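S.K.: Count along the sequence shown from 1, add 513, and you get the number used in our numbering. Beta carbons: idealized from backbone N, C-alpha and C, even for Gly. Since this is a predicted model, take the numbers as computed values, not measurements.
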Amino acid sequence: MTMSGSPRNRFERRRSETRRALVRAARTILAESGDTSTSIRAIAERADVGFGSFYNHFTCKPDLFDAAVADALEEYAQAIDERLGGLDDPAERLAGGVRLSARMAGAHPEIMRILCHSGLGRIYAGRGLAPRARHDMEQGIASGRFTVVDPVLVLVALNGSLLALLELWFTQPEVDNSHASDSMAEMLLHMLGLSADEAHDVARRPLPAAS
514 MTMSGSPRNR FERRRSETRR ALVRAARTIL AESGDTSTSI RAIAERADVG
564 FGSFYNHFTC KPDLFDAAVA DALEEYAQAI DERLGGLDDP AERLAGGVRL
614 SARMAGAHPE IMRILCHSGL GRIYAGRGLA PRARHDMEQG IASGRFTVVD
664 PVLVLVALNG SLLALLELWF TQPEVDNSHA SDSMAEMLLH MLGLSADEAH
714 DVARRPLPAA S
């Protein structure tokens, strides 16, 4: 039987901490510049771990940066889930995700910058907001709430809209991003099949308060 203070558990804990440090360093690099050409040695130094430790966790730099993006996307999605968990209407959930993303930019600038620097391809990762949005889309189609027949194209439009909003926030901070995101959510809902009046109403309902 392995005791909690055994060398094996200490080794596993250190190993987990080293991996987290590498992922945090990669997240910082992605947020600062998106420059994935940074050397492994520089990444290890930023993480304050040994150079050889990198290969105990990742086979190459793309693996590390993929893990960093996935980590940021999951944190991003969980933050939105915490606010929208009590909503059952897929239209309100989808609109809420768009609206909260813009409002989260100020509170989670690192994550938002990672999304901007990573581009559309990264947002399609298996973790994060995309699977949640896909679930809401499928639920809305199955219930007749949405009339769209191609959810893939809608996800393309959704992801592109989110990136455009984030880019707007970073390049033109004077713009009222909350108003812009509400309008974007309204347009997406109308595209999904809601009437103009209902899309306007849903996209401007009070958002659930943070817990």
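Have a look at Thr531, Met617, Ser546 and flag the residue whose alpha-carbon is nearest the alpha-carbon of Gly500.
M.R.: Here the chain has residues from 514 to 724 only, and residue 500 is not among them.
S.K.: Where does Ala716 sit, in a helix, a strand or coil, going by DSSP?
M.R.: Locating residue 716 in the sequence shown gives position 203, counting from the first residue. Residue state, collapsed to three classes: coil.
S.K.: Could you check which residue in Ala581, Ser550, Ala615, Phe578 has the C-alpha nearest to that of Ala592?
M.R.: Your numbering for residue 592 matches position 79 in the sequence shown. It is Ala615.
S.K.: From Ala712, Glu525, Glu680, pick the residue whose C-alpha is nearest to that of Asn569; which is it?
M.R.: As a working note, residue 569 is residue 56 in the sequence shown. Looking at the Cα atoms, Glu525 is the closest of the given residues.
S.K.: CA-CA distance, Asp649 and Ser696?
M.R.: Reading the sequence shown from its first residue, position 136 is the one you call residue 649. Reading the sequence shown from its first residue, position 183 is the one you call residue 696. Between Asp649 and Ser696, the C-alpha separation is close to 20 Å.
S.K.: In its own chain, which residues sit with a C-beta less than 6 Å from the C-beta of Arg494, not counting the 5 before and 5 after it?
M.R.: The displayed coordinates of the chain run from 514 to 724. Any statement about residue 494 would go beyond what the structure contains.
S.K.: Using beta carbons (cut-off 7 Å, strictly below), is Asp602 in contact with chain B?
M.R.: Included in the structure is just one protein chain, with no chain B present.
S.K.: So for Leu707, helix, strand or coil by DSSP?
M.R.: Position 194 of the sequence shown, counted from the first residue, corresponds to residue 707. Three-state result, Leu707: coil.
S.K.: Using the Cα positions of Met704 and Thr660, report the straight-line distance between them to the nearest angstrom.
M.R.: What you label residue 704 is simply residue 191 of the sequence shown in a count that begins at 1. What you label residue 660 is simply residue 147 of the sequence shown in a count that begins at 1. Near 9 Å, if we compare the C-alpha coordinates of Thr660 and Met704.
S.K.: Can you give, in chain order, each stretch of the alpha helix (DSSP H) that sits fully within the region 540-614 and has at least 4 residues?
M.R.: Correct list: 553-560, 574-597.
S.K.: Reducing DSSP to helix, strand and coil, say where Val688 ends up.
M.R.: Counted from its first residue, the sequence shown places residue 688 at position 175. Note: Val688 maps to coil in three-state DSSP.
S.K.: Where Pro603 and Val665 are concerned, what is the direct C-alpha to C-alpha distance, given to the nearest angstrom?
M.R.: For the purposes of this step, residue 603 is identified with residue 90 of the sequence shown, where counting begins at 1. For the purposes of this step, residue 665 is identified with residue 152 of the sequence shown, where counting begins at 1. Going from the Cα of Pro603 to the Cα of Val665 covers about 16 Å.
S.K.: Does the region 533-551 come close enough to the region 573-582 that 3 or more CB-CB pairs lie under 8 Å?
M.R.: A contact exists between the region 573-582 and the region 533-551.
S.K.: Going by alpha carbons, who is nearest to Ala643 out of Asp663, Leu668, Ser656, Ser631?
M.R.: Along the sequence shown, read from residue 1 onward, the residue named residue 643 stands at position 130. Ranking the options by Cα distance to Ala643, first place goes to Leu668.
S.K.: If we ignore side chains and look at the alpha-carbon of each, how far apart do Ser708 and Ser566 end up?
M.R.: Your numbering for residue 708 matches position 195 in the sequence shown. Your numbering for residue 566 matches position 53 in the sequence shown. Taking the straight line from one Cα to the other gives about 56 Å.
S.K.: How long is the line joining the alpha carbons of Glu588 and Leu720, rounded to whole angstroms?
M.R.: As a working mapping, residue 588 is identified with position 75 in the sequence shown. As a working mapping, residue 720 is identified with position 207 in the sequence shown. Rounded to whole angstroms, Glu588 to Leu720 spans 19 Å at the Cα level.
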